[in-house]
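Number of protein chains: 4
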Amino acid sequence: MGATETAEPMVSSARKPYRLVSRDFHPDNSVVRVGNVAFGGDKVIVMSGPCAVESREQVMTSAEFMQRVGVPVMRGGAYKPRTSPYSFQGMGVEGLEMLAEARERFGVLIVTEAVDHESLARVAQWADIVQIGARNMQNFELLKAVGQINKPVLLKRGLAATIDEWLMAAEYVAAHGNLNIVLCERGIRTYETKTRNTLDISAVPVVKQLSHLPVVIDPSHAAGQWQWVEPLALAGIAAGADGLIIETHPNPAEALSDGPQSLNFRHFEELMEKIGRVARALGREV
Amino acid sequence: MGATETAEPMVSSARKPYRLVSRDFHPDNSVVRVGNVAFGGDKVIVMSGPCAVESREQVMTSAEFMQRVGVPVMRGGAYKPRTSPYSFQGMGVEGLEMLAEARERFGVLIVTEAVDHESLARVAQWADIVQIGARNMQNFELLKAVGQINKPVLLKRGLAATIDEWLMAAEYVAAHGNLNIVLCERGIRTYETKTRNTLDISAVPVVKQLSHLPVVIDPSHAAGQWQWVEPLALAGIAAGADGLIIETHPNPAEALSDGPQSLNFRHFEELMEKIGRVARALGREV
Amino acid sequence: MGATETAEPMVSSARKPYRLVSRDFHPDNSVVRVGNVAFGGDKVIVMSGPCAVESREQVMTSAEFMQRVGVPVMRGGAYKPRTSPYSFQGMGVEGLEMLAEARERFGVLIVTEAVDHESLARVAQWADIVQIGARNMQNFELLKAVGQINKPVLLKRGLAATIDEWLMAAEYVAAHGNLNIVLCERGIRTYETKTRNTLDISAVPVVKQLSHLPVVIDPSHAAGQWQWVEPLALAGIAAGADGLIIETHPNPAEALSDGPQSLNFRHFEELMEKIGRVARALGREV
Amino acid sequence: MGATETAEPMVSSARKPYRLVSRDFHPDNSVVRVGNVAFGGDKVIVMSGPCAVESREQVMTSAEFMQRVGVPVMRGGAYKPRTSPYSFQGMGVEGLEMLAEARERFGVLIVTEAVDHESLARVAQWADIVQIGARNMQNFELLKAVGQINKPVLLKRGLAATIDEWLMAAEYVAAHGNLNIVLCERGIRTYETKTRNTLDISAVPVVKQLSHLPVVIDPSHAAGQWQWVEPLALAGIAAGADGLIIETHPNPAEALSDGPQSLNFRHFEELMEKIGRVARALGREV
């Protein structure tokens, strides 16, 4: 779908710049299905795993744990956008292969990030859900390319993106052909420095009013400290989020990235139990 | 307790500038008691009522409703800090008298705002809890005076106050003699304009780690729109807040201030029911 | 002038909430005169002096220097709003007396801050210009009182105040009877932490478009580091500010407050010379 | 230069994460030369032209004007990163060809934006300076590719990037082989909505202290309104910027993008005259 064809209807709707992703266009909630998982339905979907794929053992240990505690989707980055050129940049294709092996052995779906056209082609081939990270939320050429693949997209909100800009980034994906979009609030940049970012919990009801797309919460990147991940995760569910993506690590102290904000397996299991209780209190399941 | 006496120990603790309100000073949670209500204990305390006292009928109707639905504390402003000098500035003493009458007739405790030394003297005489609003969080002369009264204080976070500055404002009150302080997160100023403010839900666990004081959430001023008050209130409870302060109005469409963010009585009752369910799911009562 | 009388005209002008301070009300620039100084005219007015009055010697040394280099207005705080209750809170009346003596001996005008009704009464008696600090910009009861004195007011922008809120704070002063207002941009709170605040240099032309009031720049509180005061001061003049207020100290290393952002006398003299050059390049004098 | 080789020295310098772009590494100012232009020397370099290339006539008219008023570098976007997928996305290769023709005919150097690997290859071939826009400042794959071309780079600061993140983005370019980097401050995102962004004028002296790279100011994107471009441009020069990039248009009212913030030719000429006066007042030339 090209810009020319769709440009016209926008003229009469300056105040609501998005069209395909807006609730006006599709009044019911969209349900994004992948494998036996459905984002946007009655169930709260939990995704978890390490920040980065670091080794075969780390990935298999994580995937086995996810299978055991009933987490249907595992995360793990093979291509890592890092602030410093001198930081670990990810294992690339080798990492993707490990994730694919974990899927085969433990039956977890895989969500992992693409950072350019080349990695997108590979991620779209190996993974179940393609993640577009916060720093690429307005990498419009990448968004156009994501619009042309037939895998669901997890679209993170940019570090300082307005809700309108975030929905407009989703509109780029949609306008180029892919409406299987799950939005992910991961904290925004504010003046407060205690937390890594400020989780904009209000984004959940605001986005649900404006758009039909499912919304999940990433409490790990918002908090920056594992001790605060649990309250933010529970707050996300209470606010109506359709799911969570939470960083865990078999041994957070040795993680190559995001160790301080990663839960160990014991804390994650305790959190899962509480997520279930809050979800059920509000009429949902996990 | 004067500044001179307490100044010395600070020298050795530059990183933690607060002392009396810090968890190091008092490792257990503080419980702030007023009447038969205890902030910081097992129960989640709900406070509600109109933004401003507008008329005797409005106040009595509100108080009767609060009594009926089991809300132990009623809010209502008699002194209103308004952005414009041309906006309704509150009913003053007349409003305080109405609130006092409502307490007598319906058994609700009263929380209301003081804006300077003069109104503080009156509020401290008539009300059960003295509120210091966001715009006065660094009105240090007022904080010193609040330290010298023997009523509990509801200390709202400033519009763009860091958590450290907020705790330091509490330290002003404490250092001048009053440790009965309840902190209130009401949304901070960010670049996002969909909501009136951005509820910093992370402030709940962060403050609870740094301080022993109870923390409540004001979802109404954060949201700015009544439709988003419910998800934010539930998120607050899920994140571990000790209570909520929620704007309601017998007829929001006719409110003199904050109408758009005020719940009507029917929506508030539905919310109360859900608050109870989330609280119980996490082992607390309302 | 009461709220009732002035409220009516506002109804038809919801988009421009200020009236008396708006350029619509008074199309020409206002000139605020005090002694032989005129803010808002052809001359750029430089104010300087220490953050806080610390001793008689410090004040007299500063005033003598100001006289020598031709700075017509000296600053110096006798009442200090400090984030911590354990920090130096100012010398109070004793400090005001020192400032008054300096005025007599060295012919400098005095600007100093008031923080509540009591200090306002004293400052209005002893000083030439009353400063309302950033933390009290929405202390509306103080603004109302400032509206009733007959001394010029230096109204600093709040830490996170919008330009509209700042002009509305000025409107409080004006609506209560005092139109001798000089606005002061001193940096706003943003996510950037290298500087103490972010100088909003754009505020100069924006305010000048919206309002007839003079605007000055405080580069010291914006920068937080003396090395950056010079470029910000020059930028302020280039952007069209009517003046500057700059912290200096006879010995910055020993200052009781704001030492790191205070210029020593030698650097200040160098800056004065450059201020003159930039001002003259744009057709103004110092 | 690969990540592995350079990673080691970083270990001992956690506080200063950048290396090649830091002033510690290169104490003198870097001078970035292109044609007969030198960024970072005594001369202030002015770049100007339309936001987007719209037509052959618009480009030639602009280039002729730049030649006439002595502007050595013309801007003009052929690839436009737009918030909406339905907005004009630029003329692509056809636009680049027009820019190249303008260079031939009118002797102006060309700066234009690249948005992905494909456009980078073309821009690097046709243009004199490659611009990386604010939204791509942390598109690390693009930065790595820019590090491998031998054209100077104009690296805009991200919408909400800290100064450290911005310098780290420059470090990506440098670490991959290209040290011909000119930094561009174009306003950051804050809570203030009067201006499109908040020009962080302090960034000029802060960056000059931390890094040896030249810094220029984009007053047009900061202001969002042409009336405020002049004061911000002059402030930039007064603060020590090495240059300016300013949007102009033969007919701003008909511009396909950024019309409201574009100067017409008459206003730009007036501004050039004032830029010269401020620059000379501070010992520089234009």
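Sequences listed follow chains A, B, C and D, in order.
At position 1 of the first sequence the residue is numbered 1 (our numbering), and the sequence of numbers has no breaks.
At position 69 of the second sequence the residue is numbered 355 (our numbering), and the sequence of numbers has no breaks.
At position 262 of the third sequence the residue is numbered 834 (our numbering), and the sequence of numbers has no breaks.
At position 94 of the fourth sequence the residue is numbered 952 (our numbering), and the sequence of numbers has no breaks.
By construction, the Cβ of each residue, glycine as well, lies at the ideal position given by its N, Cα and C atoms.
Residue i at chain B interface by Cβ criterion, 8 Å
i, result
"residue 1047 of chain D", "yes"
"residue 663 of chain C", "no"
"residue 597 of chain C", "no"
"residue 820 of chain C", "no"
"residue 170 of chain A", "no"
"residue 862 of chain D", "Annotation note: pLDDT 28 at residue 862 of chain D (below 50); position unreliable, no value reported."
"residue 829 of chain C", "no"
Alpha-carbon spacing of residue i relative to residue j, whole angstroms
i, j, result
"residue 610 of chain C", "residue 858 of chain C", "11 Å"
"residue 714 of chain C", "residue 345 of chain B", "29 Å"
"residue 349 of chain B", "residue 157 of chain A", "42 Å"
"residue 215 of chain A", "residue 155 of chain A", "9 Å"
"residue 363 of chain B", "residue 369 of chain B", "15 Å"
"residue 168 of chain A", "residue 1115 of chain D", "17 Å"
"residue 312 of chain B", "residue 490 of chain B", "18 Å"
"residue 995 of chain D", "residue 1030 of chain D", "10 Å"
"residue 956 of chain D", "residue 925 of chain D", "16 Å"
"residue 329 of chain B", "residue 522 of chain B", "14 Å"
"residue 150 of chain A", "residue 178 of chain A", "7 Å"
"residue 1087 of chain D", "residue 101 of chain A", "57 Å"
"residue 1123 of chain D", "residue 1044 of chain D", "21 Å"
Residue(s) in a DSSP beta bridge with residue i
i, result
"residue 901 of chain D", "D/1143"
"residue 703 of chain C", "C/685 and C/726"
"residue 895 of chain D", "D/892"
"residue 1121 of chain D", "D/1106"
"residue 594 of chain C", "C/783"
Start-to-end residues for the alpha helix (DSSP H) that takes in residue i
i, result
"residue 449 of chain B", "449-461"
"residue 185 of chain A", "Run containing residue 185 of chain A: none in the alpha helix (DSSP H); it sits in the beta strand (DSSP E), 181-185."
"residue 188 of chain A", "Residue 188 of chain A -> no alpha helix (DSSP H), and no H or E assigned at all."
"residue 802 of chain C", "801-810"
"residue 777 of chain C", "775-782"
C-beta neighbour in chain C for residue i, strict 8 Å
i, result
"residue 400 of chain B", "no"
"residue 1067 of chain D", "yes"
"residue 1135 of chain D", "yes"
"residue 1060 of chain D", "yes"
"residue 445 of chain B", "yes"
Residue i at chain A interface by Cβ criterion, 8 Å
i, result
"residue 514 of chain B", "yes"
"residue 297 of chain B", "The pLDDT assigned to residue 297 of chain B is 33, lower than 50, so where the model puts this residue is not dependable, and the model offers no usable value."
"residue 449 of chain B", "yes"
"residue 636 of chain B", "With chain B running from 287 to 572 in the structure shown, residue 636 of chain B is simply not present."
"residue 526 of chain B", "yes"
DSSP three-state assignment for residue i, whether helix, strand or coil
i, result
"residue 709 of chain C", "coil"
"residue 632 of chain C", "helix"
"residue 1074 of chain D", "strand"
"residue 531 of chain B", "strand"
"residue 667 of chain C", "helix"
"residue 338 of chain B", "strand"
"residue 199 of chain A", "coil"
"residue 271 of chain A", "helix"
"residue 87 of chain A", "coil"
"residue 977 of chain D", "helix"
"residue 940 of chain D", "coil"
"residue 697 of chain C", "helix"
Range of the contiguous beta strand (DSSP E) that encloses residue i
i, result
"residue 33 of chain A", "32-34"
"residue 360 of chain B", "359-361"
Residue-chain proximity (residue i, chain D), Cβ-Cβ < 8 Å
i, result
"residue 260 of chain A", "no"
"residue 548 of chain C", "Residue 548 of chain C cannot be examined here, being either before or after the span of chain C that is shown, 573 to 858."
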